[in-house]
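Report on one structure; see the data block that follows.
Protein chains in written order, with our numbering: chain Z, 1 to 307; chain D, 1001 to 1210.
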């Protein structure tokens, strides 16, 4: 009766402890200024010596009037994570000088929209290829008497092809998803553009469980600039703290569709790893104790037989 | 006696295995039951989507040093980006001039020496920013404080000037619709060696689709 109670007590205690620790979500698991520019991206094809016109909107969806400026900057990226750089590269063509805007500064009241017309003039003799710039709308708040004054700017990205003699070339460099990960489950796709003009890559990324049920599906697009490798980091921000999953997908660019082979990922948070280590250690210790006990019993039985 | 130990061991072993089985299967089952998470193409094509940035006009981070040792204060700005563009966006931060200091005439509170990847605790008469859960800032959570004795344990980065590449604080591979909000915390530590007065600086957020 005592042994039975001990066992029941231990089991209930273990289960209770488990429930307390683990039955909780296992999956991980802001006066303001409101500035909008629309559209956010423009793709343009223009020949050297020619001009093209268009427009964009500056919209104030906030609750206060603010002044704004409009200007253009070059657009470059550094690193495979595409950190943007809006500064001219020494020796490179300063694309921002190609732009003229109908409004360079103004004021927009709450709920109001300002239409900004632009003319993009490509100098004659410009080499054929891709050129990239951003047209910014920037708030111009006066410097506050105290503290940190916040200004913000939103940009319209210009992806420009000048001329026809461009080379479109690229490849899928890597598809990576480490087997053992802490949440969030993250995979990476690297795409290389070895041509002279940008291209757009469409991708689909899927996370499913061992039974094939889709847990996360992501469809996206990215621009890949020439002579760069772009790393697309794809986190599943709601991944649980523990689980075994399959990741797969496909990437489509330059008229080719490439399948991303299935990979398995074991997600374990730090806490789960600690608890798993403790339990495995307990099992090992138990097995050792059991083996020692059995060996001792065999010796005792052998001695009895001899006696 | 051995039989008692053996039977107890067997029960213990069975309990452990049961525990481990539940431990493994329940999370997997829970993962199966998780809500379906999807990323969709934006409700607009990338040629027609806009991008919206919302933040405060001004952040006040007042410090009243009580003695020569100094005090620190932290306050936050909620920065939201909304875009339907399926290419996502990048949000960067820099100062709005070539200066990285908070200034009061010739007296300055200099930018902290930490960086986004390797933030550090603020030194005395320094200021900086942090964003929980990104870069090297750690998970937080950060909260507002006012005139807490120096030093404080939270780590900060110094904002870069606008004549160098701005620091990326958030980047997204998918549309941000509904808007995605990032809390940017600003901290200042100062002592009474600074001239009394109002110190000001300027920050510039930039949001562009990827």
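Glycine included, C-beta positions come from ideal geometry on N, C-alpha and C. Here the structure is a predicted model, which means the values were calculated and not measured.
When D:1178, D:1184, D:1082, D:1204 are compared against residue 1061 of chain D, the one with the closest alpha-carbon: For residue 1061 of chain D, the closest of D:1178, D:1184, D:1082, D:1204 by C-alpha to C-alpha distance is D:1184.
Exposure of residue 300 of chain Z, with buried meaning 16 or more beta-carbon neighbours within 10 Å: Label assigned to residue 300 of chain Z: exposed.
Residue-level contact to chain Z via CB, residue 1051 of chain D, 8 Å cutoff: With a threshold of 8 Å between beta carbons, residue 1051 of chain D makes contact with chain Z.
Closer than 7 Å at the beta carbon, the chain Z residues around residue 1134 of chain D: Result: empty, since nearest Cβ-Cβ is about 12 Å, beyond 7 Å.
Rounded separation between residue 1194 of chain D and residue 1125 of chain D - CA only: One Cα belongs to residue 1194 of chain D, the other to residue 1125 of chain D, and the distance between them is close to 8 Å.
Cβ shell of residue 179 of chain Z (< 7 Å), same chain only, five flanking positions each side left out: 264, 265, 266.
Chain D contacts made by the segment 105–120 of chain Z, where a contact means CB separation under 7 Å: Of all residues in the segment 105–120 of chain Z, none has a C-beta nearer than 7 Å to a C-beta of chain D.
Exposure label - residue 1206 of chain D; buried when at least 16 CB within 10 Å: For residue 1206 of chain D, the number of other beta carbons within 10 angstroms of its own is at least 16, and it is reported as buried.
Nearest-angstrom Cα separation, counted from residue 151 of chain Z out to residue 1192 of chain D: Taking the CA atoms as reference points, residue 1192 of chain D sits about 30 Å from residue 151 of chain Z.
Alpha carbon of residue 1200 of chain D to alpha carbon of residue 1063 of chain D, nearest angstrom: Spanning the two alpha carbons is a distance of roughly 13 Å.
Residues that DSSP places opposite residue 153 of chain Z in a beta bridge: Z:138, D:1206.
Beta carbon proximity, residue 70 of chain Z to chain D, threshold 8 Å: Chain D, which has no Cβ nearer than 8 Å to the Cβ of residue 70 of chain Z, makes this no.
Within chain Z, partners of residue 1071 of chain D - CB distance below 9 Å: Within 9 Å Cβ-Cβ: nothing; residue 1071 of chain D doesn't reach chain Z, min ~16 Å.
Where the alpha helix (DSSP H) through residue 1109 of chain D begins and ends: Per DSSP, residue 1109 of chain D belongs to no alpha helix (DSSP H); it is in the beta strand (DSSP E), 1107–1111.
Interface residues of chain D facing residue 87 of chain Z [CB-CB closer than 9 Å]: Within chain D, the residues near residue 87 of chain Z are 1163, 1164, 1165.
Beta-carbon gap between residue 1049 of chain D and residue 133 of chain Z smaller than 8 Å: Cβ distance not < 8 Å, so residue 1049 of chain D and residue 133 of chain Z don't count as in contact.
Short CB-CB distance (under 8 Å) between residue 260 of chain Z and chain D: No, residue 260 of chain Z lies away from the interface with chain D (no Cβ there is under 8 Å from its Cβ).
Buried versus exposed, by CB contacts within 10 Å (16 or more), residue 291 of chain Z: Exposed is the label assigned to residue 291 of chain Z, since fewer than 16 other Cβ atoms lie within 10 Å of its Cβ.
Sequence ranges, beta strand (DSSP E) only - wholly within the segment 156–183 of chain Z, length at least 3: Runs of the beta strand (DSSP E) inside the segment 156–183 of chain Z: 170–176.
Residue 42 of chain Z versus residue 120 of chain Z: straight-line alpha-carbon distance, rounded: Counting only the Cα atoms, residue 120 of chain Z lies some 12 Å from residue 42 of chain Z.
Three-state class that DSSP yields for residue 308 of chain Z in the structure shown: Limits of chain Z in this structure are 1 at one end and 307 at the other, which puts residue 308 of chain Z out of reach.
Cβ neighbour criterion (16 or more within 10 Å) applied to residue 242 of chain Z: By the Cβ-count criterion, residue 242 of chain Z is buried, with 16 or more other Cβ atoms from all chains shown falling within 10 Å of its own Cβ.
Test: residue 1201 of chain D CB closer than 8 Å to a CB of chain Z: The beta-carbon of residue 1201 of chain D is placed less than 8 Å from the nearest beta-carbon of chain Z.
Proximity test, Cβ basis, 8 Å: residue 1210 of chain D and chain Z: So yes, residue 1210 of chain D belongs to the interface.
Neighbour list for residue 310 of chain Z in chain D, Cβ cutoff strictly below 7 Å: The requested residue 310 of chain Z is not part of the displayed model; chain Z covers only 1 to 307.
Classification of residue 352 of chain Z by the beta-carbon crowding that lies within 10 angstroms, buried from 16 upward: Limits of chain Z in this structure are 1 at one end and 307 at the other, which puts residue 352 of chain Z out of reach.
Neighbour flag for residue 1205 of chain D against chain Z, beta carbons, 8 Å: True, the Cβ-Cβ gap to chain Z drops below 8 Å.
Per DSSP, cross-strand counterpart(s) of residue 245 of chain Z: Under the DSSP definition of a beta bridge, residue 245 of chain Z partners with Z:209, Z:265.
Whole-angstrom distance between residue 148 of chain Z and residue 106 of chain Z, CA atom to CA atom: Approximately 23 Å, taken between the alpha carbons.
Cα-Cα separation between residue 44 of chain Z and residue 196 of chain Z, rounded to whole angstroms: Cα to Cα, the separation comes out at about 15 Å.
Nonlocal neighbours in the same chain, by C-beta distance under 6 Å from residue 25 of chain Z, ignoring five residues either side: For residue 25 of chain Z, the predicted model reports a pLDDT of 30, less than 50, meaning its position is unreliable; a value from the coordinates is still stated below. Answer for residue 25 of chain Z: no residue qualifies.
Neighbouring residues, chain Z, relative to residue 1186 of chain D (Cβ below 8 Å): Going along chain Z in sequence order, the residues near residue 1186 of chain D (Cβ under 8 Å) are 148.
Cβ separation of residue 1078 of chain D and residue 1181 of chain D, assumed to be a contact under 8 Å, to the nearest whole Å: Rounded to whole angstroms, the Cβ separation of residue 1078 of chain D and residue 1181 of chain D is 5 Å, and the two are in contact under 8 Å.
Below-8 Å beta-carbon distance, residue 34 of chain Z vs any chain D residue: Residue 34 of chain Z counts as touching chain D.
Uninterrupted beta strand (DSSP E) stretches inside the segment 1081–1137 of chain D (no shorter than 3 residues): Segments of the beta strand (DSSP E) lying fully in the segment 1081–1137 of chain D: 1089–1095, 1102–1104, 1107–1111, 1126–1130.
Residue 48 of chain Z vs residue 125 of chain Z beta-carbon contact at 8 Å: Judged by their CB atoms, residue 48 of chain Z and residue 125 of chain Z are nearer to each other than the 8 Å cut-off.
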